[in-house]
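**Student:** For any residue, its number in my numbering is found by taking its place in the sequence shown, counting from 1, and adding 1434. Backbone N, C-alpha and C fix where the C-beta goes; we use that ideal spot for every residue, glycine too. A quick note: this is a predicted structure, and the numbers were derived from the prediction, not measured.
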Amino acid sequence: MPLQILSHRRNKSSANTPDSQSAPASPVIVVSEGSTPVQGILRQPSAPSVADSDMTGSSTSASAFGRASLRTNGLSFGRTDTSDSRWSVDDRDTASTPNTSVSSFGAMCPLPESDGVKLIPFFSMTVSSTSTLSFIGLPTRFRPLVLDTIRLAWKRGIKNSGPVEYQADLMKFHKAKGCDGGVWEVTMKDSCWMPRSEDKVSSKRIILYLLTEFSRIGYLLESSFRTSAKDSGKDTLTFARAEPDADPVFMGVAFYSSDRIWIIDAEADVGQALEEGIKAHWVDGVRDARVRERHCRELRLRGSPWVAHHAMGLISARSIILSIMKNITHTSRGYTFVGSVNIADLDEGEMPLLIFRKLTTTERNSGMFGWGDPNATVPAFQPISKAAAASMAK
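Right under this line is the structure:
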């Protein structure tokens, strides 16, 4: 019996293909031999295709480990790479969106009208790429303020800034509707979100300085969170209208390396109180304390609390963070916790920046912020261990 000649054509196995009753209908794409394969929406041409690797393994003889190796072998994704995923139950009845933009709802604009005098009640600021801030809905008259504030915090300067034409139809709708703001981006020189050691404090000051100026013009931070599932840990900050603060004061507490705490731009008495509180409440004691740069104290803790793997170390690290918040939010200090902001990618292992704001006189008199008697001082710190007592004695 003559052998049947097999053609060199790859077919999906029935095990890997959804049945005709449950799978969504999709157009057939024919790619001729020698033509360039269709790229994913954000895939770099050099990146290998997950689908291609998936079809090369044997479905009968390869083990589960072997098939997993075929899928992942040689994959090297950049920051903006994405891979195609199979449709899910949630995708069956939804129309695909051809463009990645805020126009997923057709001609619907996410921003309210602005008459040029009455401000839009909210806007967002996204920490993006290695050196970019992306704004949506920021009133155009505040753009010079943003540029001046960034230059004050980041001495290396600004590379460029300008509006982003993210979709022509929606941009026309913005202009016809009279929306103020749109999308506007600022890119700094060098890599402010992946800074060198000497620029790490300045990187965090960009956020602190901007929050200070936004508070002055009547916007306060409402939330900060990731709005993308990409390989990034950087946040989008949303701001809402509030009473303007004529003399805003913001400070930050950052956690650096495996064992360090930075107290950034704190008032002298508050910074000293925080330092003493940390010395008293860190069970292993503080190795040393110094002024890292102007208006930035650095405390180096014994042990490695930010990379601890055992339960005792993890709990101690969480406890010292709560101790810091308790110390600074006592009503006699006059501060409130604003929120935390991630300005680094997940793979860099950097912890968020904690941000605190000094209360206005009206807020302090309201009794709605902080804890403890506003007319009493914070109770004296008592060391929790011999190591803590030795640190306080230095």
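#1: If you draw a straight line from the alpha carbon of S1757 to that of S1738, how long is it in whole angstroms?
#2: Buried or exposed: W1627, going by 16 or more other Cβ atoms within 10 Å of its Cβ?
#3: Any idea if K1593 is buried or exposed, counting beta-carbon neighbours within 10 angstroms, 16 or more meaning buried?
#4: Which residues in the same chain have their Cβ closer than 6 angstroms to the Cβ of R1721, if we skip the five residues on either side of it in sequence?
#5: Measure the beta-carbon distance from E1647 to T1574 and round it to whole angstroms, keeping in mind my assumption that it falls under 8 angstroms.
#6: Looking at the structure shown, is S1487 part of a helix, part of a strand, or coil, going by DSSP?
#7: Can you tell which of P1682, W1716 and S1753 has the C-alpha that lies nearest to the C-alpha of Y1769?
#8: Taking all protein chains shown into account, do 16 or more other C-beta atoms lie within 10 angstroms of the C-beta of H1743, making it buried, or fewer, making it exposed?
#9: Mapping DSSP to helix, strand and coil, what is S1637?
#10: Confirm, please, whether the CB-CB distance from L1787 to A1688 is below 8 angstroms.
#11: Determine whether the beta carbon atoms of A1587 and S1658 lie at a separation below 8 angstroms.
#12: What residue range is occupied by the uninterrupted beta strand (DSSP E) comprising D1722?
#13: For V1812 and H1764, what's the separation of their Cα atoms in angstroms?
#14: Determine whether the beta carbon atoms of F1556 and L1572 lie at a separation below 8 angstroms.
#15: Report yes if the C-beta distance between S1431 and K1713 is below 8 angstroms; otherwise report no.
#16: What would DSSP say about R1734, mapped onto helix, strand or coil?
#17: Could you give the residue range of the beta strand (DSSP E) that holds K1589?
#18: Which same chain residues end up closer than 7 angstroms to R1726 when comparing Cβ atoms and leaving out the 5 residues on each side of it in sequence?
#19: Mapping DSSP to helix, strand and coil, what is K1792?
#20: Can you check whether the CB of S1625 is closer than 8 angstroms to the CB of S1562?
#21: Measure the C-alpha to C-alpha separation of R1650 and K1623 and round it to an integer number of angstroms.
**Tutor:** From the atom records:
#1: About 18 angstroms.
#2: buried
#3: exposed
#4: R1734 and R1736
#5: Contact flag wrong, Cβ pair sits at about 16 angstroms.
#6: Residue placement at S1487 is flagged as unreliable, the pLDDT there being 40, under the threshold of 50; the coordinate-derived value follows with that caveat. Helix.
#7: P1682
#8: exposed
#9: helix
#10: yes
#11: No, Cβ-Cβ distance for A1587 and S1658 is not below 8 angstroms.
#12: Membership of D1722 in the beta strand (DSSP E) is indicated by the continuous run V1720 to E1727.
#13: 7 angstroms
#14: Cβ distance not < 8 angstroms, so F1556 and L1572 don't count as in contact.
#15: Shown here, the chain extends from 1435 to 1828; a query on residue 1431 therefore has no answer.
#16: strand
#17: First-last for K1589: undefined, no H or E at that position.
#18: V1635, W1696 and E1732
#19: strand
#20: Not in contact: S1562 and S1625 (Cβ atoms no closer than 8 angstroms).
#21: 26 angstroms
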